[in-house]
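Numbering (this note's numbering), first residue to last: 344 to 535.
For glycine and all other residues, C-beta sits at the position ideal for the given N, C-alpha and C.
Predicted, not measured: the structure shown is a model, and the values here were computed from it.
Shown next as structure tokens:
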């Protein structure tokens, strides 16, 4: 059984590597986005206001509980999401909705196309910004890169959520993915 699971894991990693290489070879990377990702990896911030942090964390922890059972893990994820979303100039609730749709908060998620982690980042980005040894399964790295990429697309699309989310997902011209994220935002993360 262990050999079988090891074999499957190896095939998944190999598949991710091959797909990432194919994707990297076929996609021209915007130098501005490459620069923003490199800057994002090298900076950090956290909550500015302790009271706001406590209220937000308590509220969002209750909302995240169906996805992440362990309270300590939930709070750690929420702190990281809030920090990276704010650093990038995004609403943390939007990032929560995107993660719900992308991976259901599974930091070990790997898609068929090779995207990794909670925000489903393609591995070629690590090479593009000179951080080939970073790990996209690591929550903080994944969130930093995912939030930076999403913000870049939000700016590119002049804050049109449908268009920016479609770019993020690689589904330009379709609203299926963006509608899923916006429904998750409305149903689970929107603060009234």
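Within 9 Å, strictly: CB atoms of residue i and residue j
i           : j           : result
residue 511 : residue 496 : yes
residue 433 : residue 417 : no
residue 466 : residue 473 : no
residue 518 : residue 527 : no
residue 453 : residue 489 : no
residue 400 : residue 422 : yes
Nearest candidate by alpha-carbon position, reference residue i, set the options
i           : options               : result
residue 482 : 400, 398 and 420      : 420
residue 411 : 486, 524 and 439      : 439
residue 413 : 425, 448 and 479      : 448
residue 403 : 435, 455, 394 and 429 : 435
residue 393 : 425, 498 and 500      : 425
residue 525 : 398, 437 and 484      : 437
residue 446 : 398, 480, 534 and 405 : 480
Residue i versus residue j - alpha carbon distance
i           : j           : result
residue 459 : residue 513 : 15 Å
residue 532 : residue 443 : 10 Å
residue 462 : residue 427 : 12 Å
residue 505 : residue 529 : 14 Å
residue 451 : residue 502 : 29 Å
residue 486 : residue 523 : 20 Å
residue 366 : residue 498 : Model confidence at residue 366 stands at a pLDDT of 42, short of 50, so the residue's coordinates are unreliable and nothing is read from them.
residue 469 : residue 516 : 27 Å
residue 477 : residue 398 : 32 Å
residue 542 : residue 429 : Here the chain covers residues 344 to 535 and nothing more, so residue 542 does not appear.
Range covered by the alpha helix (DSSP H) that runs through residue i
i           : result
residue 497 : 482–499
residue 511 : 504–512
residue 406 : 393–407
residue 429 : 414–431
Inter-residue CB distance, residue i and residue j (contact presumed, cutoff 8 Å)
i           : j           : result
residue 494 : residue 396 : Their Cβ separation, rounded to whole angstroms, is 21 Å, which puts residue 494 and residue 396 out of contact at 8 Å.
beta-carbon residue i near the ligand NAD non-hydrogen atom, thresh 8 Å
i           : result
residue 481 : Ligands displayed in this structure: none; no statement on the ligand NAD is therefore possible.
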